[in-house]
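*Asks:* For the sequence shown, our numbering assigns the number 204 to the initial residue and increments by one for each residue that follows.
Below is the structure I would like to discuss, written out as structure tokens.
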Amino acid sequence: MIEQSELLALIKQAQEGSESAKAKILTDNSPLIKSVIRRFKNKGVEYEDLFQLGSIGFLKAIKNFSPEFGVKFSTYAVPMIAGEVKRFLRDDGYIKVSRSTKSLASKIAYFTQTYKNEHNESPKVEDIAKEFGIEAQEVVFAMDSLKFPVSIYDKTDDEHSQSLSEKLSSDENTEDNIDKILLKDIIEKLDEREKKIIILRYFRDKTQSEVARVLNVSQVQVSRLESKILDKMKSELV
Numbered sequence: 204m205i206e207q208s209e210l211l212a213l214i215k216q217a218q219e220g221s222e223s224a225k226a227k228i229l230t231d232n233s234p235l236i237k238s239v240i241r242r243f244k245n246k247g248v249e250y251e252d253l254f255q256l257g258s259i260g261f262l263k264a265i266k267n268f269s270p271e272f273g274v275k276f277s278t279y280a281v282p283m284i285a286g287e288v289k290r291f292l293r294d295d296g297y298i299k300v301s302r303s304t305k306s307l308a309s310k311i312a313y314f315t316q317t318y319k320n321e322h323n324e325s326p327k328v329e330d331i332a333k334e335f336g337i338e339a340q341e342v343v344f345a346m347d348s349l350k351f352p353v354s355i356y357d358k359t360d361d362e363h364s365q366s367l368s369e370k371l372s373s374d375e376n377t378e379d380n381i382d383k384i385l386l387k388d389i390i391e392k393l394d395e396r397e398k399k400i401i402i403l404r405y406f407r408d409k410t411q412s413e414v415a416r417v418l419n420v421s422q423v424q425v426s427r428l429e430s431k432i433l434d435k436m437k438s439e440l441v
């Protein structure tokens, strides 16, 4: 196993164009790639193809990684590997969305844009549900069905422009459990309101002001709630 200092040096060399450094990092981390792609077996894609896709994601992680992220390289690489496979499965049609759901999602998108133009704000889920005569959960499903899972390293669209990983970065080792790295288990432990805030902020790129309108609270309250939730989530990573 490569020592951390040697790994960082190799990553720097790889980013500067060294193919041998890139190959060594890839070879040494093949067990990590295999552990991630294992969850995508039985999706209609050959194992060798899954490994190739995972390797592409891993190489992207090498290209974009920086020690300033405050996480170990393997922690950073996991969602990049998984993301590459998910992107292929989505674009190649392995993740199916019904035609009726796609149609509803398109209608909701049109209604949302029209609503924004008329009211200078996005409609609430309840507004959309009322417009189409459906349940709120049907609205959420339709809107989410066509969305690609967002990386925890994506920036939020607000004044601070921070990713979820940056707010939750910890010196502790979080590599032992892939699901924990991807935050799946932690988010599932949140109550409905907490979960809604995190999803709106970090998976739908809503600003605190927009979240405040959805929840019918003030922006200050959202800021305080978000801070508490992030502290709660960070404690789960320790």
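Backbone N, C-alpha and C define an ideal beta-carbon position, used for all residues, glycine too.
With H, G and I counted as helix, E and B as strand and the rest as coil, what does DSSP make of Lys-266?
*Replies:* helix
*Asks:* Decide if the region 264-283 is in contact with the region 312-323; the criterion is three or more beta carbon pairs, one per stretch, under 8 Å apart.
*Replies:* no
*Asks:* If you draw a straight line from the alpha carbon of Leu-403 to that of Lys-333, how long is it in whole angstroms?
*Replies:* 20 Å
*Asks:* Three or more C-beta pairs under 8 Å: does that hold for the region 217-229 against the region 251-266?
*Replies:* Touching, per the Cβ criterion.
*Asks:* Put Lys-227 into one of helix, strand or coil per three-state DSSP.
*Replies:* helix
*Asks:* Taking Leu-213 as part of the alpha helix (DSSP H), name the residues at either end of that continuous run.
*Replies:* Looking at the DSSP string, the run of the alpha helix (DSSP H) that includes Leu-213 is 207-218.
*Asks:* Could you check the C-alpha separation between Ser-430 and His-322 for me, to the nearest Å?
*Replies:* Taking the straight line joining both Cα atoms gives about 29 Å.
*Asks:* Could you have a look at Leu-393 and say whether DSSP puts it in helix, strand or coil?
*Replies:* coil
*Asks:* Just the Cα atoms here: how many angstroms apart are Ile-389 and Arg-241?
*Replies:* 21 Å
*Asks:* Can you tell me whether Lys-225 is buried or exposed, with buried defined as 16 or more other CB within 10 angstroms of its CB?
*Replies:* buried
*Asks:* Output yes or no for whether 8 Å exceeds the beta carbon distance between Leu-235 and Ser-303.
*Replies:* no
*Asks:* If you follow the alpha helix (DSSP H) that Val-414 is part of, which residue opens it and which one closes it?
*Replies:* 411-418
*Asks:* Please report the Cβ distance between Ile-401 and Val-425, rounded to the nearest whole angstrom; I am assuming they are in contact, meaning their Cβ atoms lie under 8 Å.
*Replies:* Actually they are not in contact, since the Cβ atoms of Ile-401 and Val-425 sit about 11 Å apart, beyond 8 Å.
*Asks:* Roughly how many angstroms separate the alpha carbons of Ser-258 and Glu-391, rounded to a whole number?
*Replies:* 29 Å
*Asks:* Identify whether Asn-245 lies in helix, strand or coil by the three-state DSSP scheme.
*Replies:* coil
*Asks:* For Met-346, collect the residues of the same chain with a Cβ closer than 7 Å to its Cβ; drop the 5 residues on either side in sequence, then sort them by chain order.
*Replies:* Ala-308, Ile-311
*Asks:* Smallest Cα separation from Arg-407: which of Val-343, Glu-395, Leu-262, Asp-394?
*Replies:* Val-343
*Asks:* So what does DSSP say about Ser-326, is it helix, strand or coil?
*Replies:* In the sequence under discussion, the amino acid at residue 326 is Pro, which differs from the Ser named in the question. The answer is coil: DSSP assigns Pro-326 none of H, G, I, E or B.
*Asks:* Tell me the residue span of the alpha helix (DSSP H) that contains Ser-238.
*Replies:* Start and end: 233-240.
*Asks:* Buried or exposed for Val-423, going by 16 or more other Cβ atoms inside 10 Å?
*Replies:* exposed
*Asks:* So the candidates are Glu-249, Leu-210, Glu-413, Lys-327; which of them puts its Cα closest to the Cα of Lys-275?
*Replies:* Leu-210
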